[in-house]
Amino acid sequence: MISVEEALERILGFVDVLQDEEKPIMDCLGQVLAEDVCAPFDVPPHDNSAMDGYAVQFASTIGASVENPKVLRIIDEVAAGRVPAVTVEAGTAVRIMTGALIPKGADAVVPFELTDEADRAHAGRQEKQIGVRCSVGVGANVRYSGEDIKRGELVMQRGKLLRPAAIGVLASLGKTRAVVTRRPVVGILATGDELLDISQPLLSGKIYNSNSYSLACQVRSCGGVPKLLGVAPDRAEQLSAALRYGLDCDMLITSGGVSLGDYDVVKEVLAAEGDVSFWTVHMKPGKPIAFGTFKRENGRRVPHLGLPGNPVSSMVTFEIFARPALHKMMGIVDFSRRYVTAIMEGSIKNTDGRRVFARVLVNKKGNQYFARLTGSQGSGILTSMLEADGLAVIPETVAAISSGDSVEVMMLDWNEAYGF
Ligand code: AMP
Ligand code: MG
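Below, the structure written as structure tokens:
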């Protein structure tokens with residue numbers, strides 16, 4: 213028996229960060245930047261207006277009030293995207309829209325709300341006049357060039373996880389492509405004589421292969437690219453033939469066939485085709501897992517993770533072991549999930565001193581989180597994962613959790629890595 217930490221450490225010790233690739237920024241969401249990005253120009257590139265209003269010299273507004281507005285002559289109008297043609301002088305104003313360039317000579321913008329723009333006719337203005345009802349300071353409502361990003365500045369460093377804002381910042385710098393750490397391709401093979409592909413009619417004695425689909429979607433939601441290798445029966449030749457289709461992958465994941473059952477051939481195949489260790493991990497669900505490498509013809513080795521066949525066990529062991537490994541390959545350094553401390557509503561037994569990962573629904577009432585089991589916790593009850601927001605982690609040393617006790621819950625839906 214080994215601990216969860218020891219198993220994870222051994223797996224992480226085997227996988228490395230993958231190579232870089234250059235691609236359009238739209239395809240980079242959730243990937244890690246593999247280059248430093250410096251700004252080729254200021255953002256915004258020019259001084260521009262933060263409001264719809266009038267570009268003026270602030271001095272022209274000194275002493276203005278509702279009762280005694282300062283009346284300025286409108287000499288032009290400038291919309292966003294246009295280059296102003298005139299220079300603002302004392303006593304003049306340019307009608308300006310948000311995002312439009314500040315005309316020469318102007319040093320402040322008076323928003324429409326602080327003028328008599330809305331009731332000019334009533335205020336008795338001529339068409340080319342505007343009454344300013346309030347004084348403004350120098351720089352009022354002006355967004356200066358370089359206010360967001362200065363030319364030459366190091367905006368993002370390699371290692372940065374690209375979330376939506378990062379993609380937007382790259383676009384604001386006019387970058388169409390970025391260099392990122394490539395996504396791992398993960399071959400997924402289900403094993404078991406009882407398994408049918410979902411395209412086939414259900415036959416007696418058989419069940420549908422669901423693991424390949426939940427695992428493939430877990431791969432995708434952590435940023436990897438799943439490659440479904442189908443179903444292999446519990447026979448060594450067929451299993452090794454199916455695995456061969458996955459030899460070009462960065463990782464192979466099999467489900468089933470790692471327990472002590474009579475037909476568990478995964479061991480046999482892996483021992484013949486590579487190195488394999490079988491671990492009994494101190495955890496529930498998911499006790500037996502296999503980890504090893506599969507030899508390629510070119511001498512390189514593909515890491516292989518053999519997960520248990522029970523549908524909940526395969527998903528939970530993926531979460532605990534495969535997700536961190538794939539994130540490491542993608543260059544993601546902080547792959548820990550968020551934890552919340554919750555009050556357990558209901559009880560959990562830990563009969564054989566393993567680390568229990570119980571499927572729970574989490575709610576927040578006031579400042580306190582509450583967790584309750586999603587239903588039967590059997591490792592074959594996939595619907596217990598269906599409603600789960602998180603996994604309540606019960607330490608090996610705790611024999612039981614009673615209603616009202618505190619539990620640490622690893623939240624499953626927070627900090628997704630934007631795999632799509
Ligand atoms: P095993 O680990 O092969 O002993 O399988 C344990 C349990 O999980 C058995 O009840 C299997 O029928 C079930 N199982 C194995 N593989 C799958 C799969 N791909 N989809 C759904 N259930 C599976
Ligand atoms: Mg089996």
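Quick note on numbering: our numbering labels position 104 of the sequence shown as 316, and the sequence is numbered without any gaps.
Yeah, the Cβ is synthetic: ideal placement off N, Cα and C, and Gly gets one too.
Straight-line gap, residue i to residue j (C-alpha atoms, nearest Å)
i: Glu628; j: Leu374; result: Note that Glu628 has pLDDT 49, beneath the 50 cutoff, so the model's placement of it is unreliable and no number is given.
i: Tyr630; j: Asp248; result: Per-residue confidence for Tyr630 stands at a pLDDT of 47, beneath the threshold of 50, marking its modelled position as unreliable; the derived number appears in the next sentence. Taking the straight line from one Cα to the other gives about 21 Å.
i: Phe632; j: Pro296; result: The predicted model places Phe632 with a pLDDT of 36, which falls under 50 and marks its position as unreliable; any figure quoted below should be read in that light. Their backbone Cα atoms lie some 43 Å apart in a straight line.
i: Ser526; j: Asn423; result: 7 Å
i: Val493; j: Gly380; result: 43 Å
i: Val470; j: Ser588; result: 24 Å
i: Leu224; j: Lys540; result: 7 Å
i: Arg571; j: Met623; result: 10 Å
i: Asp259; j: Ser618; result: 54 Å
i: Asp331; j: Asn353; result: 22 Å
i: Glu365; j: Leu451; result: 54 Å
i: Leu415; j: Pro523; result: 20 Å
i: Glu608; j: Asp564; result: 8 Å
i: Pro376; j: Phe506; result: 37 Å
i: Val278; j: Arg307; result: 20 Å
i: Ala483; j: Val227; result: 20 Å
i: Thr403; j: Gln369; result: 43 Å
i: Thr393; j: Val229; result: 8 Å
i: Asn575; j: Ala600; result: 11 Å
i: Gly602; j: Ala554; result: 11 Å
i: Met213; j: Thr529; result: 15 Å
i: Val397; j: Cys461; result: 5 Å
i: Leu573; j: Ala246; result: 37 Å
i: Cys240; j: Glu325; result: 42 Å
i: Thr299; j: Ala378; result: 37 Å
i: Glu550; j: Trp626; result: Strictly speaking, residue 550 in this sequence is Arg, with Glu absent from that position. About 7 Å.
i: Val268; j: Gly317; result: 8 Å
i: Met597; j: Arg363; result: 49 Å
Buried or exposed (CB count within 10 angstroms, at least 16 for buried), residue i
i: Gly590; result: exposed
i: His334; result: exposed
i: Asp319; result: buried
i: Leu472; result: exposed
i: Arg294; result: exposed
i: Asp476; result: buried
i: Glu217; result: exposed
i: Gln231; result: exposed
i: Ile532; result: buried
i: Glu221; result: exposed
i: Thr327; result: buried
i: Thr595; result: exposed
i: Gln243; result: buried
i: Val191; result: In the structure displayed, the chain extends from 213 to 632; residue 191 sits before or after that span and is not available.
i: Gly349; result: exposed
i: Ala453; result: exposed
i: Ser548; result: exposed
i: Gly592; result: exposed
Sequence-distant residues of the same chain with beta carbon closer than 7 Å to residue i, five excluded per side
i: Gly558; result: Arg584, Leu585, Ser615
i: Asn562; result: Val568, Ile606, Val610, Ala611, Ala612
i: Glu329; result: Ile342
i: Ala276; result: Lys282, Val344, Arg345, Cys346, Ser347
i: Ala292; result: Met309, Thr310, Gly311, Ala312
i: Arg389; result: Glu234, Lys235, Pro236, Ile237
i: Gln580; result: Ile555
Same chain, Cβ closer than 6 Å to residue i, five either side skipped, listed in chain order
i: Gln341; result: Val283
i: Ala219; result: Trp491, Val493
i: Glu406; result: Lys418, Ile419
i: Gly458; result: Gly399, Leu441, Leu464
Proximal residues to residue i (C-beta, below 8 Å), its chain only, five neighbours per side dropped
i: Ala262; result: Thr310, Val321, Asn353, Val354, Arg355
i: Pro257; result: Ser357
i: Pro520; result: Ser467, Gly468, Val470, Ser471, Pro497, Gly498, Lys499, Pro500, Ile501, Ser526, Thr529, Ser591
Residue-chain proximity (residue i, chain D), Cβ-Cβ < 8 Å
i: Lys235; result: Among the chains of the structure shown, chain D does not appear; only one protein chain is present.
Three or more C-beta pairs under 8 Å: does that hold for the stretch 496 to 504 against the stretch 438 to 449?
no
The stretch 345 to 360 / the stretch 286 to 305 touching (three or more Cβ pairs under 8 Å):
no
Could you name each continuous beta strand (DSSP E) segment of 3 residues or more that falls completely within the stretch 314 to 392, going from the start of the chain to the end?
320 to 323, 341 to 344, 366 to 368
Evaluate the contact criterion for the stretch 516 to 525 versus the stretch 465 to 472: three or more CB pairs, one atom per stretch, below 8 Å.
yes
Do the stretch 339 to 355 and the stretch 230 to 239 meet, that is, are 3 or more Cβ pairs less than 8 Å apart?
no
Unbroken stretches of the alpha helix (DSSP H), 4 residues or longer, contained in the stretch 518 to 603
523 to 529, 535 to 541, 595 to 598
Run through the stretch 451 to 524 for me and flag every whole alpha helix (DSSP H) of 4 or more residues, listed as ranges in chain order.
478 to 485
Are there three or more Cβ pairs, one per stretch, closer than 8 Å when the stretch 249 to 258 is compared with the stretch 385 to 396?
yes
Segments of 3+ residues assigned as beta strand (DSSP E) that fall wholly inside the stretch 229 to 279:
232 to 236, 265 to 268
Should the stretch 426 to 439 be called in touch with the stretch 404 to 415, which here means at least 3 C-beta pairs below 8 Å?
no
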